[in-house]
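Undergrad: For the sequence shown, the working numbering assigns the number 73 to the initial residue and increments by one for each residue that follows.
Have a look at this one before I ask anything.
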Amino acid sequence: MPTILEGFNEQRTPMSRALRTSTYSWPSWLERKVQKRGIGEMLPVWVGNLLLLLLLLLLLVVVIVVVVLLLLLLLQLLVVVIVVVVVVVIVVVVVVVVVVVVVVVVVVAVAEVVVIVVLVVVICDGRTDRQSDRPTDGQYENYIPPGKALLRGPGGDAHR
73 MPTILEGFNE QRTPMSRALR TSTYSWPSWL ERKVQKRGIG EMLPVWVGNL LLLLLLLLLL
133 VVVIVVVVLL LLLLLQLLVV VIVVVVVVVI VVVVVVVVVV VVVVVVVVAV AEVVVIVVLV
193 VVICDGRTDR QSDRPTDGQY ENYIPPGKAL LRGPGGDAHR
């Protein structure tokens, strides 16, 4: 059964011969290089550049996600602030309207009481008893009881 490595020139590629034998040991220069620098430094430059590019892209995605989340948080905070301001304005307007209505009701009630007191004072004119409407002794001859004024004739005499 042929292997993939059969086509290689054994003189130019000593690894092909080494892979076919089971007693292969790493060359000493490769072992020293791996122990000294680490396997990561043996990668080709383009692999390192590709890994760096992928790392930068990942960092860019993380930054974009963080910025978007912060903007959403800021937008949410802005919405909360707007809602709080609107609620405060509504509460202030309601309180002002209630205070104005209470003041108007109190002023109207006080005005009604004042009007009633003024009317009572004007109607009673300081008199407390209704007997003061009756004439005194000297004025009795000119007194006309209520309802009798219609009985006066053309001559002015009252029918008694």
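Cβ coordinates follow ideal geometry from the N, Cα and C atoms, glycine included.
What three-state label does DSSP hand Leu77 in the structure shown?
TA: Any answer about Leu77 is weak, because its pLDDT of 48 lies below 50 and its placement is not dependable; what the coordinates show is given next. Three-state DSSP puts Leu77 in a helix.
Undergrad: Could you check the C-alpha separation between Val177 and Val158 for me, to the nearest Å?
TA: One C-alpha to the other measures close to 28 Å.
Undergrad: Distance, Cα to Cα, Leu127 vs Val134?
TA: Rounded to the nearest angstrom, the two C-alpha atoms are 10 Å apart.
Undergrad: Rounded to the nearest angstrom, what separates Val182 and Ile188 at their Cα positions?
TA: Cα to Cα, the separation comes out at about 10 Å.
Undergrad: Measuring straight from C-alpha to C-alpha, what distance separates Ile195 and Val168?
TA: Distance between the alpha carbons of Ile195 and Val168 is about 40 Å.
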